[in-house]
Amino acid sequence: MPILAIVLATACWASTMVANKLAVEFLAVTEITGMRFLIGAVLMFLLAATAGQLGGLRRIGPGPIVMGLLEPGMAALFLVWGVANTSVVSASVIIGTVPILMPVLGWLVLREPIRASILLGAVTAVAGTILLVQGQGDHGGGSLKGDLLCVVAVMFICANQLVARRVAQTHGSAAAVSALQLTVAGLLSLLVLVTFERPPVYLARFDYEIAALIAFIGVMGGAIPFVLYNFSLRHMPVGQVGLFVSLVAPMGAVMAWGYLGRRGHWHGRLWRPAAFASGAAWCTVAHCEKALEPVRSFPRARVERMKEAMIDIPVLRIPMPRHVP
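Right under this line is the structure:
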């Protein structure tokens, strides 16, 4: 189940890169990211309430706040800025370098073992990345500025994976963690919007189709992938998770060709997989979070009462040693 979750999350991120490329033609970058994360946060709070995780928000601690600042906060801002200045395939290729970094970082920081299969998969992913880069001239080319912005985004992504792994191991509750993470990221985007970017007119070219596109980005790029991602990190090492993230490159390349090549009917094709993925992720995570929740220890008073009740049963009567002064 964790493997299926991270594959679905990767597909969502790949489709979001294409949608971001469409959205930056009409809206400011921080307008896109702010609405995307706040939509995702609302959906995650609803999912957390459905899974019964809202009661444990206080015990989670500051980890999700740090995660929200790193990714999707700063990482998404730099990634969307990078996509706005380079090609979709080029951005997908740069993100494809994550699997070669995460096994090493997981070993250095978290002391997680590096398996030979993960290293082999990472080398294969980087080799595929090099092949895609060689054909960059065929898809409109990239720019040094945009590529550097995407590299900075990858650094934030790697740092977030290390923090998220520890939070997932300690607390679980993927829906609650994702809700806090996306809330912080959305507020950060709005802060950057009103302080740095400051467009002359907010939502200048906002209409029905743009609203549908933003809703799609919020569901497929905010709600679904992050809850599935945090769910996977609870059960898989960061090196293995980073290996699956490398699927963003081939998926992004195929979607860029399929959607951007025939722009006239993008909204009709995007919403079908979005609706299916939303329902599948909602049901799967709500069920698995309860099924895989670690058993909490009983309070000490309840344990003592259970012991006393067992002693009073004749069949289970346990001879208790007398206290000798």
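If you want our numbering, it's the position in the sequence shown, counting the first as 1, plus 701. Idealized CB from N, CA, C, for every residue including glycine.
Between residue i and residue j, is the Cβ-Cβ spacing less than 8 Å?
i      : j      : result
Val942 : Gln862 : yes
Ala792 : Val725 : no
Leu934 : Ala854 : no
Gly783 : Asp848 : yes
Leu748 : Ala916 : no
Gly887 : Leu778 : no
Met702 : Gly919 : no
Ile707 : Phe945 : yes
Ile911 : Ala710 : no
Val824 : Ser947 : no
Trp714 : Val893 : no
Short of 7 Å in beta carbon distance, which residues of its chain neighbour residue i, apart from the five on each side in sequence? Order them along the chain.
i       : result
Ser879  : Met745, Phe927, Val928 and Asn931
Ala712  : Met952
Met1035 : Limits of the chain in this structure are 702 at one end and 1026 at the other, which puts residue 1035 out of reach.
His936  : Pro703
Gly923  : Arg737, Phe738, Ile740, Gly741 and Leu883
Thr734  : Ala777, Leu778, Val781 and Ser890
Cys984  : Only weak support is given to the placement of Cys984: the predicted model assigns it a pLDDT of 44, under 50, and the question is left unresolved by the model.
Leu850  : Phe779, Trp782, Gly783 and Asn786
Could you tell me the distance, in whole angstroms, from the CA atom of residue i to the CA atom of residue j?
i       : j      : result
Val939  : Pro900 : 38 Å
Arg997  : His872 : Only weak support is given to the placement of Arg997: the predicted model assigns it a pLDDT of 41, under 50, and the value that follows is read from those uncertain coordinates. Rounded to whole angstroms, Arg997 to His872 spans 11 Å at the Cα level.
Tyr909  : Leu809 : 48 Å
Arg963  : Gly953 : Here the model assigns Arg963 a pLDDT of 46, short of 50, so the residue's position is not dependable, and the following value carries that caveat. Whole-angstrom Cα-Cα distance: 15 Å.
Leu687  : Val885 : Only positions 702 to 1026 of the chain appear in the structure, and residue 687 is not among them; the question remains open.
Thr787  : Val794 : 11 Å
Ser818  : Gly807 : 15 Å
Thr751  : Ser874 : 12 Å
Glu990  : Ile761 : In this prediction, Glu990 has a pLDDT of 44, which is less than 50 and means its spatial position is unreliable; what the coordinates show is noted afterwards. When rounded, the distance between both Cα atoms is 15 Å.
Arg906  : Val852 : 30 Å
Val868  : Val895 : 31 Å
Val1093 : Leu811 : No information on residue 1093 is available, as it lies outside the stretch 702 to 1026 that the chain covers here.
Leu891  : Leu881 : 16 Å
Ser716  : Glu813 : 31 Å
Trp958  : Val743 : 32 Å
Less than 8 Å between C-beta atoms, sequence neighbours within five positions excluded: which residues of the same chain meet that for residue i?
i      : result
Leu802 : Val855, Cys859 and Gly943
Gln754 : Ser874, Ala876, Ala877 and Glu990
Ser844 : Asn786 and Thr787
Leu904 : Leu728 and Glu732
Pro763 : none
Leu820 : Pro804
Identify, in the order they occur along the chain, each residue of the same chain with its Cβ nearer than 6 Å to the Cβ of residue i, setting aside the five sequence neighbours on each side.
i      : result
Ala776 : Ala854, Phe857 and Ile858
Leu771 : Phe857, Ala860 and Asn861
Gly774 : Ala886 and Leu889
Ile815 : Pro804 and Trp808
Pro765 : Val878, Leu881 and Gln882
Arg970 : Its pLDDT being 45, under 50, Arg970 is placed unreliably in this model, and the value from its coordinates should be taken loosely. Hits under 6 Å: none found.
Lys846 : Asn786
Using a 10 Å radius around the Cβ and a threshold of 16 neighbouring Cβ atoms, would you call residue i buried or exposed?
i      : result
Arg866 : buried
Gly756 : exposed
Phe897 : exposed
Ala720 : buried
Met921 : buried
Ala729 : buried
Gln870 : exposed
Val864 : buried
Gly822 : buried
Gly741 : buried
Leu705 : exposed
Ala828 : exposed
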